[in-house]
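Remarks on the structure that follows.
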């Protein structure tokens, strides 16, 4: 594919009006957020910024020099003031006297807490010495694609000199750490006029006397690299086009077939969440002649590698003669071969003190003519891993077009992946929540019980697809969940449970968004009330359509997906006390709810051999937040009991054995129990959440 478009240059977003009166630390925050707002500068969690600031020592009252630097695990684009570590420069400089040489550089991390200024609890990162020993007030360390394309070229030193002359230096590959910090300090001493340095296979350091100067220098250098690459890259990239790109709908259909199968095969030890990406940069790469060759080389930048593993898995799929069934049939062998290859890599490279081998499955899956699929322990990580591989694609595009692309050597890659400091960081991570890695689809998800259930499941780590016919309420519910959790974990689909086509599309959307399904909460509902002689056929059919046929349709689709995914599954029906205990003037509703309960029993029998559990929750009189208990139904029930609508809640409360009202959160709690491993050995069961009603006792 010819290089027909030129990359837009980075725009200077610095606003002197906004920065007027800011302190040095506030300017650092402002600069960091600007740099992190553009993925062409650095990706999520990548890069680092710092400022050396004069501060009042809380003990002596004297002015001391303090290094403000992005703390461990932070993201410059979203960082707040509490995301920066603060350390005494005097103590950081004193560490040089404790350094015992490169064989012992990792022990220097243990000294960093002793340099903490003002009892700051934010942990300093491994990059701290890299910023401390650059004798400049403001320092930016970024991972721009355009720069890494140069840094990952086999002749990167010569290219750096050609593009930047003496204003930007070059240092050979060195894993981030204390030694590299000393290298940077020495470079600055020997090259006082340099404005920055490119680190081979890694990234860019730039600096300035002011926050604004540092920011503008960073942009200037990146834009210069982008312009140089644009001028150099002409004609086909990645060896030209090998296979056609399928139309968007067909790409999505292929992803829908592949994602649950892959997910089922790689989720034996922990649940995995998927992400599908078919943006132009990805399609150009996966359709090219050099796909297999370049993908096998892996990534160069350590940040890219840590997110995407030693190399991706290229799926055997021919878009010129698409046979998805053949591709699906070959997945088991392909995934097994990748695991074997990863295990061999581990054995070749492990050291005496290396941690045990981690998950041997691929993170990135490349599908010719279709796009990229990524899997990780949560949706955000899967998405971010894909973003990092897009960065790697951009790097390979540039480096392979102007030179020869080179990834990290296998041993260097292993030493980063299994770095003891990285292992310690992983061990400090909090224990996963009970539903981490799980995907739930909740019908009637925008209503009272549905929304409460979505909040409960999301709070325990699940990703949630809200399905509802009320688009306005659906958007509101999505916004509410996103504000509490994140946009990554919630999706919404318009879904009428009585429509086979809409049910199929809703499940399809869930699969492509998250990779599969683990939990179906069938909760869509309505309510009606009329004496039998006044019950029309339309009213009867409507109840049966939504409460019986609708539950059948979504269950059938879930069962198909669960069996295809081959990792078990979980179905929870939200029925009603009325499915067990009759009520006057509600024959259509009660009959349909009874059908739900018996359908659940049938499905429990059918699903058990495939580890698909099916259970039922029976609420009663959940008025708060319910769309059912508004308008006509509320009036009908009040009429049936010969009372005003204002008396209904007290009526239902007082008729219960426990004399307590039932709320949506109470139903959600029972659903969570049945959807979680707390009930792993329960199927075909009914839990009544009705504050006690002897008529609805199951025995």
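In this note's numbering, the protein residues as written are 39 to 737.
Glycine included, C-beta positions come from ideal geometry on N, C-alpha and C.
What you are looking at is a predicted structure, and each value in this text was computed from that prediction instead of being measured.
Asked	Found
Roughly how many angstroms separate the alpha carbons of residue 333 and residue 218, rounded to a whole number?	28 Å
Of all the options 225, 419 and 368, which has the alpha carbon lying nearest to the alpha carbon of residue 314?	419
Are the beta-carbon atoms belonging to residue 307 and residue 390 less than 8 Å from one another?	no
Per DSSP, residue 351 forms a beta bridge with which residues?	403
Buried or exposed: which applies to residue 180, given that a residue is buried once 16 or more other Cβ atoms fall within 10 Å of its Cβ?	buried
Thinking C-beta only, is residue 483 closer than 8 Å to residue 490?	no
With distance defined between alpha-carbon atoms, name the residue in 515, 174, 173 and 202 nearest to residue 185.	202
Might you give, ordered along the chain, the residues of its own chain that have their beta carbon closer than 6 Å to the beta carbon of residue 178, omitting 5 neighbours on each side?	87, 244, 252 and 256
By the 10 Å Cβ neighbour count, where 16 or more other Cβ atoms means buried, how is residue 455 classified, buried or exposed?	buried
Which runs of the beta strand (DSSP E) fall wholly inside the segment 541 to 599 and span at least 3 residues, in chain order?	557 to 560
Report the residue from 349, 443, 329 and 435 whose alpha carbon sits nearest the alpha carbon of residue 405.	329
How many whole angstroms separate the CB atoms of residue 563 and residue 585, which I take to be in contact at a CB cut-off of 8 Å?	6 Å
Suppose the cutoff is 6 Å on Cβ atoms and the five residues either side in sequence are ignored; what does the same chain contact list for residue 384 look like?	395
Return the chain-ordered ranges of every beta strand (DSSP E) run that is complete within the segment 454 to 539 and spans a minimum of 3 residues.	477 to 481, 501 to 506 and 528 to 532
Alpha carbons only, please: which of 555, 728 and 554 is nearest the one belonging to residue 692?	728
Please classify residue 733 as buried or exposed, where buried requires at least 16 neighbouring CB atoms within 10 angstroms.	exposed
Between the alpha carbons of residue 388 and residue 401, how many angstroms are there, rounded?	20 Å
Taking the continuous alpha helix (DSSP H) assigned at residue 250, which residues delimit it?	249 to 270
For residue 53, tell me which candidate among 704, 249, 640 and 342 has the shortest Cα-Cα distance.	249
Look at the alpha carbon of residue 21 and the alpha carbon of residue 216, and state the distance between them as a whole number of angstroms.	Here the chain covers residues 39 to 737 and nothing more, so residue 21 does not appear.
In the DSSP output, what is residue 313 paired with across the bridge?	412
Let's see if you can read the secondary structure: which residues bound the alpha helix (DSSP H) around residue 129?	127 to 132
Thinking C-beta only, is residue 130 closer than 8 Å to residue 146?	no
Are there 16 or more other CB atoms within 10 angstroms of the CB of residue 140, so buried, or fewer, so exposed?	exposed
Which of helix, strand or coil does DSSP assign to residue 86?	strand
What is the DSSP secondary structure of residue 39, reduced to helix, strand or coil?	Confidence is the limiting factor: at residue 39 the pLDDT is only 39, short of 50, which leaves the residue's position unreliable and the question unanswerable from this model.
What are the start and end residues of the beta strand (DSSP E) that includes residue 180?	176 to 180
Could you say if the segment 317 to 327 and the segment 269 to 277 meet the contact criterion of at least three C-beta pairs nearer than 8 Å?	yes
Within 10 angstroms of the Cβ of residue 56, are there 16 or more other Cβ atoms? Answer buried if so, exposed if not.	exposed
Which residues share a DSSP beta bridge with residue 234?	206 and 244
Spatial neighbours of residue 715 within its chain, please: CB distance less than 8 Å, with the 5 preceding and 5 following residues excluded, ordered by chain position.	472
Between the beta-carbon of residue 136 and the beta-carbon of residue 149, is there less than 8 Å?	yes
Grab me the residues of residue 42's own chain with a C-beta within less than 7 Å of its C-beta, minus the 5 sequence neighbours each way, in chain order.	Its pLDDT being 45, under 50, residue 42 is placed unreliably by the model, and the measurement read from it follows with that caveat. None.
Check the C-beta distance from residue 555 over to residue 589 and give it rounded, since I have them as a contact under 8 Å.	Their Cβ separation, rounded to whole angstroms, is 16 Å, which puts residue 555 and residue 589 out of contact at 8 Å.
Nearest-angstrom Cα distance between residue 353 and residue 365?	8 Å
Does residue 716 come out as helix, strand or coil in the three-state DSSP assignment?	helix
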